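Below is one structure; the comments refer to it alone.
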Amino acid sequence: MSESPTHLRLELRAISKRYPGTLANDRVDLRIAPGEIHALLGENGAGKSTLMKIIYGVTRPDSGQLLWQGVPVQVADPAQARGLGIGMVFQHFSLFETLTVAQNIALALGRAAGSAKQLAPRIREVSQRYGMSLEPERLVHSLSIGERQRVEIVRCLMQDIKLLILDEPTSVLTPQEVEQLFVTLRTLADEGCSILFISHKLNEVRALCHSATVLRAGRVSGACVPAECSDLQLARLMVGDAEGLDASYPKRAGGLPRLRVDDLSWRNQDTFGTSFEHLRLEVRSGEIVGIAGVAGNGQDELLALLSGETRLHASERERISLDNQPMANLHPDARRALGLAFVPAERLGHGAVPDLSLADNALLTAFQQGLVERGLIRSGKVLALAEQIIQRFAVKTPGAQATARSLSGGNLQKFILGREILQNPRLLVAAHPTWGVDVGAAAAIHRALIALRDAGAAILVISEDLDELLQISDRIGALCSGRLSPLKATADTHSVEVGSWMAGQFDTAQAAI
Amino acid sequence: MLLSLEPRTQQSRAMLVLSPLLAGLLTLVSGAILFSALGHDPLLTLHTLLIEPVSDLYGLSELLLKALPILLCALGLAVAYQARIWNIGAEGQLLIGALAGSALAIHIIDWESRWALLWVLLAGSLAGALWGALAAWLRTHFNANEILTTIMLNYIALNLLLYCVHGPLKDPEGFSFPQSAMFGDASRLPALFEDGRVHVGLYFVLLALVAVWVLLHKSFLGFQIKVLGLDQRAAGFVGFREKRLVWLALLISGGLAGLAGVSEVSGPIGQLVPQVSPGYGYAAITVAFLGRLNPLGILVAGLLMALLYLGGENAQMSLNLPQALTGLFQGMMLFYLLACDVLILYRPRLTLNWRRRAPVAAAASA
Numbered sequence: 007m008s009e010s011p012t013h014l015r016l017e018l019r020a021i022s023k024r025y026p027g028t029l030a031n032d033r034v035d036l037r038i039a040p041g042e043i044h045a046l047l048g049e050n051g052a053g054k055s056t057l058m059k060i061i062y063g064v065t066r067p068d069s070g071q072l073l074w075q076g077v078p079v080q081v082a083d084p085a086q087a088r089g090l091g092i093g094m095v096f097q098h099f100s101l102f103e104t105l106t107v108a109q110n111i112a113l114a115l116g117r118a119a120g121s122a123k124q125l126a127p128r129i130r131e132v133s134q135r136y137g138m139s140l141e142p143e144r145l146v147h148s149l150s151i152g153e154r155q156r157v158e159i160v161r162c163l164m165q166d167i168k169l170l171i172l173d174e175p176t177s178v179l180t181p182q183e184v185e186q187l188f189v190t191l192r193t194l195a196d197e198g199c200s201i202l203f204i205s206h207k208l209n210e211v212r213a214l215c216h217s218a219t220v221l222r223a224g225r226v227s228g229a230c231v232p233a234e235c236s237d238l239q240l241a242r243l244m245v246g247d248a249e250g251l252d253a254s255y256p257k258r259a260g261g262l263p264r265l266r267v268d269d270l271s272w273r274n275q276d277t278f279g280t281s282f283e284h285l286r287l288e289v290r291s292g293e294i295v296g297i298a299g300v301a302g303n304g305q306d307e308l309l310a311l312l313s314g315e316t317r318l319h320a321s322e323r324e325r326i327s328l329d330n331q332p333m334a335n336l337h338p339d340a341r342r343a344l345g346l347a348f349v350p351a352e353r354l355g356h357g358a359v360p361d362l363s364l365a366d367n368a369l370l371t372a373f374q375q376g377l378v379e380r381g382l383i384r385s386g387k388v389l390a391l392a393e394q395i396i397q398r399f400a401v402k403t404p405g406a407q408a409t410a411r412s413l414s415g416g417n418l419q420k421f422i423l424g425r426e427i428l429q430n431p432r433l434l435v436a437a438h439p440t441w442g443v444d445v446g447a448a449a450a451i452h453r454a455l456i457a458l459r460d461a462g463a464a465i466l467v468i469s470e471d472l473d474e475l476l477q478i479s480d481r482i483g484a485l486c487s488g489r490l491s492p493l494k495a496t497a498d499t500h501s502v503e504v505g506s507w508m509a510g511q512f513d514t515a516q517a518a519i
Numbered sequence: 161m162l163l164s165l166e167p168r169t170q171q172s173r174a175m176l177v178l179s180p181l182l183a184g185l186l187t188l189v190s191g192a193i194l195f196s197a198l199g200h201d202p203l204l205t206l207h208t209l210l211i212e213p214v215s216d217l218y219g220l221s222e223l224l225l226k227a228l229p230i231l232l233c234a235l236g237l238a239v240a241y242q243a244r245i246w247n248i249g250a251e252g253q254l255l256i257g258a259l260a261g262s263a264l265a266i267h268i269i270d271w272e273s274r275w276a277l278l279w280v281l282l283a284g285s286l287a288g289a290l291w292g293a294l295a296a297w298l299r300t301h302f303n304a305n306e307i308l309t310t311i312m313l314n315y316i317a318l319n320l321l322l323y324c325v326h327g328p329l330k331d332p333e334g335f336s337f338p339q340s341a342m343f344g345d346a347s348r349l350p351a352l353f354e355d356g357r358v359h360v361g362l363y364f365v366l367l368a369l370v371a372v373w374v375l376l377h378k379s380f381l382g383f384q385i386k387v388l389g390l391d392q393r394a395a396g397f398v399g400f401r402e403k404r405l406v407w408l409a410l411l412i413s414g415g416l417a418g419l420a421g422v423s424e425v426s427g428p429i430g431q432l433v434p435q436v437s438p439g440y441g442y443a444a445i446t447v448a449f450l451g452r453l454n455p456l457g458i459l460v461a462g463l464l465m466a467l468l469y470l471g472g473e474n475a476q477m478s479l480n481l482p483q484a485l486t487g488l489f490q491g492m493m494l495f496y497l498l499a500c501d502v503l504i505l506y507r508p509r510l511t512l513n514w515r516r517r518a519p520v521a522a523a524a525s526a
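So the protein lines, in turn, are chains A and Z.
Just so you know, we're using my numbering here: the first sequence kicks off at 7 and counts up by one.
Just so you know, we're using my numbering here: the second sequence kicks off at 161 and counts up by one.
Encoded structure:
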C-alpha cells in the first residue's frame, strides 16, 4: 500500500501474549492500511485467534503496542473496540439463540439501534445491499450456521465500521456465496474499510487479499502478496512442510447398499425449517458419498433424522435402514448398536461436552464398546481408549484428562473423528468434518476417512465445502430446499454442475439412489 | 484503586478446595463483628455457638442426630443437582415421608414384630419418592419448571401434614393436642448407645453416602446424569433418555428425603407432630452446594450445618440470643461461598489507578 506508516489504520508492534504453558503470540508485527484486505494465515494454534482477540479487546497483550490510526491505544473491551470502529465475526458465533435476528443486532448496537420499527427496515436494507438476505423477525436458534454468520456480518455492517475482522468466514458458504461475499468485501474495501481476513483456503486468500501475514507457532513466519504466491508456497509458510496438502485419492465404486433412505417424507414442526418429500438415498459399503448444499437447505434436519435425534413413528421405521435393519424409529444408542457412527456439525456442545475430560468424552459415544460392565464404568479401559485416540490421530493435548474445551477446533475434531472411527463403524455420517480446521489437520482427517472407506465402511459426508467433497467423495449430490439431487460419480461431474444442483437446478423425478 | 476480575484459562483446583474454607473463615469473622456490635464477647459467643455443643459425648450424639436428616436430603439433592434438576422440594418430600410413615405406624401400634419398622420406613421412603415423582411428571409431561412445582408441593405437603395431625391422625386420648399417638416400640428406630438419642438411622446415611458416591462417580448411570446436566444436546445426540433420567433423579432425591422424614418420626420424636422439621430440607440445599455435590464434601458440610442448629439452640439458652442466629449463619455461609466461588474461574487483580482509558479518548478524537 502506498500510504505512509502514519496513515495506517492499524499497526501492531511486537505484540506478545503468554498463556500458561504456551507463548501464543511472540513479538508479532502487523500493519493494515485503510481499504486494505489483509489475510492472516496460520495453522490452528498458530496464534491467530489470540491476535484477533487482542485487536478486538477480548484479551490484553502482555507487551507490545497497538496503534489505531497512528495513535497508541489500549483496547480494554470489545465495546471500546466497536466504539473505535472495529467489528468482528467470530468463528464460534456470539448470538443469543432465543432472540430474533433484529434483537441480536439491537443488543450489539445499543442505543444506536433505535426502535424495533426503525431497525427492521435498516437490517433489510443493509442485508439486501450486500446481498445477504435476512429475515429480521426470525429466531436465531432456527437459523443454520451459514445464516447465523450472515447475522454476524450484517451486525458489523450496521455500525460505522473502519476495520472488519472475519474469522474463517467462507467455510460455510457455497462457491457462489463465497463470490457474493467477496463482492461485498471488495465493495467495503473500496469504501475505505480495512478487512482482516482469516482463512485456511489459500485460493480464496489469493483471490481476495491484497497482502498477507503468515503466523507459525506464535511468530510471523512471513509476509507476502498472496496473488504472487502459489498455494504450495503459502502452505509452506504456514506448516513448514507441505506434504499431502494437495493429495488426490483414488475413487472407488462401492459394494452392497448399506444405508438406505427409502421414500422418506417428513414434515418439520418449525415453520422456518425444511421438510422432506420422498427423499431417497443409498450409501454402499466401501464408498464415500458427499452431499453438498448451502446451509439451511435441510442438512441439519437430515442429519438429525439419520442420527436418531429426530425419530419417525414405528410404523415408518423402514424409511431409514442400515444393512436392511429398519432404524428410523430407533434412539441414537440403538442405531449405534447397529453400527452407526456420527460426527455432528458442532464440535463443542453437541459432539463433545466442553467441561468433561477427553476420557469422559470418549466414553460419551463409545460406551457400547465394552467400557461399561454391570452398570459401572471401566475407567481403565476408557482411559486406554482415549489415549489410543490421542496417539493414533495425533491430537495435540496435555493428556486424556484435559477438558474438551481446552483443545483447539482442529484437534478436537481429530479426537471426535478418531473416537468414531475406532468403533469400527459400518456406517459413518460426518457433517462438515473439516469446518474451521487447518490445512494439516484437514489432510489428516481426509486420510482417516479414506482409510475407513478402504476398510469397507460406508461413509456419508454432508459438507458445505465443495472442494473437499470433490476431493474425497466417490459419488456426489446436493441438497436444495429439502430435495436431493441425483447422485453422480464424482469423476463424471465437476464443480459447476454440482453448483447448479446446489441452486436447485435438477429434476426430482430422476432424483434417486 | 480498582479491584477487577480476570478470567482464568482453566478452573483453579486450589480455589475449588480453598473457597469453602475461605467462606467459613469469612462467616466466623462476620459473626464475631456482629456479636461485638450486639454487645457480646465475640470469642465467648462463638465458643458457645460452635464448640460448647460438641464438647461431650452427648453433644456429639446430638450432632449426629441433627445431621442425619440433613445429610439424607442433601445426598439425594446432589443426584438431582448433578443433572441440573433443581429440586427445591426436599422439605416437602421429607414431610410427606414423615406423614405416610406415621399414618402406617399408628395403625400397627400393637405389632410386636420388627417387620413393623421396615414397613413404616418403606412407606415413608415411597411417599417421599412419590412426592418427587409428582414434580417429575409435571416436568416431563407439561414441561413445568421443577423449581416452581417443588416449592409449591412443599406447601401442599406442610398443609396436608397439619390437617392430618389436627384431624384424622390426632391421638384420641391426647387431650386434643395436635399430635398422633406414640408409635409402638416395634416401629421405633433403636438407639445406637444407651446415653445418646442417635439411632440406627445413621447406618442409612452411611449406606446412602456410599451408594450416591458409586452412582455419581463410578456408574454409567451417574455419567449420563452428569452429561445431561452439563450438555443436554450432547446427551440427546448419544441417546441418553432425558425423561427417564429426570424421573430417576427426582425419585432418588424424593425417596431419600422421605426416608429422612420417617426416620425423624420413628426415631427421636416417636410420634407425628406439626414441627417434624425445622427446615432440614432447605438446609440440605445449602449443604449440597457447600459440599460441591460431592458425597464427602456433603458429609463435612452437613455436620457443620447440624452444628449451627445445635449452637443456635445453645446460644438461645445460655446467652439469650435469638434463634434466628442459625438462619443468619446459614445465610452468611451460602452467601460467602457463592462469592468465593467466583475465584475458581476468575483471578482478582488490583489496579492502582484509573488512567487506563485515558489514551483512548485521544485516539477517538484523532
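Just so you know, even glycine gets a beta-carbon here, dropped at the ideal spot from N, CA and C.
Quantities reported herein were computed from a predicted structural model and do not represent experimental measurements.
Can you check whether the CB of residue j is closer than 8 Å to the CB of residue i?
i: Val360 (chain Z); j: Pro350 (chain Z); result: yes
i: Phe99 (chain A); j: Gln155 (chain A); result: yes
i: Lys23 (chain A); j: Pro67 (chain A); result: yes
i: Leu428 (chain A); j: Ile395 (chain A); result: yes
i: Ala409 (chain Z); j: Ile269 (chain Z); result: no
i: Asp32 (chain A); j: Arg225 (chain A); result: yes
i: Pro455 (chain Z); j: Leu235 (chain Z); result: yes
i: His356 (chain A); j: Ala394 (chain Z); result: yes
i: Ser217 (chain A); j: Leu169 (chain A); result: no
i: Gly356 (chain Z); j: Ser215 (chain Z); result: no
i: Ala463 (chain A); j: Gly416 (chain A); result: no
Using three-state DSSP, classify residue i as helix, strand or coil.
i: Leu441 (chain A); result: Going by the sequence as given, residue 441 (chain A) is Trp instead of Leu. Coil.
i: Trp74 (chain A); result: strand
i: Asn31 (chain A); result: strand
i: Val64 (chain A); result: coil
i: Ala395 (chain Z); result: helix
i: Val435 (chain A); result: strand
i: Ile129 (chain A); result: helix
i: His319 (chain A); result: coil
Could you tell me the distance, in whole angstroms, from the CA atom of residue i to the CA atom of residue j?
i: Gln331 (chain A); j: Lys387 (chain A); result: 30 Å
i: Ala341 (chain Z); j: Arg317 (chain A); result: 56 Å
i: Leu165 (chain Z); j: Ala499 (chain Z); result: 12 Å
i: Arg404 (chain Z); j: Gly376 (chain A); result: 23 Å
i: Leu128 (chain Z); j: Gly457 (chain Z); result: Outside the displayed range of chain Z (161 to 526) lies residue 128 (chain Z), so it cannot be described from this structure.
i: Ala52 (chain A); j: Leu221 (chain A); result: 6 Å
i: Ser414 (chain A); j: Phe102 (chain A); result: 23 Å
i: Ala248 (chain A); j: Ala450 (chain A); result: The pLDDT assigned to Ala248 (chain A) is 49, lower than 50, so where the model puts this residue is not dependable; a value taken from the coordinates is nonetheless given after this. Their backbone Cα atoms lie some 12 Å apart in a straight line.
i: Ala310 (chain A); j: Ala408 (chain A); result: 29 Å
i: Glu354 (chain Z); j: Gly219 (chain Z); result: 14 Å
i: Arg135 (chain A); j: Arg128 (chain A); result: 10 Å
i: Leu198 (chain Z); j: Ala466 (chain Z); result: 24 Å
i: Asp501 (chain Z); j: Pro404 (chain A); result: 26 Å
Heavy atom of the ligand MG less than 7 Å from the Cβ of residue i, yes or no?
i: Leu313 (chain Z); result: Within the structure as shown, the ligand MG is missing, as the structure has no ligands at all.
3-residue-minimum beta strand (DSSP E) runs that sit fully inside the segment 459-500 of chain A, ordered along the chain: 464-468 and 481-486
Interface residues of the segment 423-435 of chain A facing chain Z [CB-CB below 7 Å]: none
Interfacial residues, the segment 326-339 of chain A to chain Z, with Cβ spacing under 9 Å: Leu336, His337, Pro338 and Asp339
Ranges of the alpha helix (DSSP H) found wholly within the segment 391-418 of chain A, counting only runs of at least 4: none
Alpha helix (DSSP H) runs contained entirely in the segment 231-270 of chain A, provided each spans 4 or more residues: 237-245
Members of the segment 283-306 of chain A that neighbour chain Z once the beta carbon cut-off is set at 7 Å: none
Unbroken stretches of the alpha helix (DSSP H), 4 residues or longer, contained in the segment 181-219 of chain Z: 202-206
Residues, ordered as in the chain, of the segment 14-25 of chain A that lie near chain Z by beta-carbon distance below 8 Å: Tyr25
Within 7 Å of chain Z by C-beta, residues of the segment 382-412 of chain A in sequence order: Leu382, Ile383 and Ser412
Every unbroken alpha helix (DSSP H) inside the segment 287-313 of chain A [4 residues or more]: 305-313
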